[in-house]
Amino acid sequence: MGAVGSGKEPSPARRHVGELVKLFRGLADMTQRDLAERLLMSESLVGAYERAERIPTTAFLVEADAALGAKGCWRRAWR
Numbered sequence: 001m002g003a004v005g006s007g008k009e010p011s012p013a014r015r016h017v018g019e020l021v022k023l024f025r026g027l028a029d030m031t032q033r034d035l036a037e038r039l040l041m042s043e044s045l046v047g048a049y050e051r052a053e054r055i056p057t058t059a060f061l062v063e064a065d066a067a068l069g070a071k072g073c074w075r076r077a078w079r
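Quick note on my numbering: the sequence shown kicks off at 1 and runs consecutively.
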């Protein structure tokens with residue numbers, strides 16, 4: 001499935017980021033709702049990031065990295 005409303009497939013990088021969010025969220029034993037509540041955002045937005053339907057903001061990546069115990073792996077990846 002492509003990005004919502006774009007008619008295009010999401011980039012491999014965006015899909016990879018979504019997969020990482022989902023992976024670390026699972027390792028942290030958190031639901032999308034748990035992560036959304038922790039980061040003060042909607043559950044649907046977390047899901048859209050995981051499905052690569054939306055481009056995650058830098059703020060989301062930094063906050064999710066901390067909330068999910070990713071120990072800076074995303075920050076190192078985008079430098």
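Using N, Cα and C, we set each Cβ at its ideal position, and we do this for glycine too.
- What do you get for residue 54, buried or exposed, if any count of 16 or more other CB atoms within 10 angstroms of its CB means buried? buried
- Measuring alpha carbon to alpha carbon, tell me which of 43, 51 and 19 ends up nearest residue 9. 51
- Can residue 33 and residue 19 be called in contact, C-beta distance under 8 Å? no
- Beta-carbon proximity check, residue 69 vs residue 36, cutoff 8 Å: no
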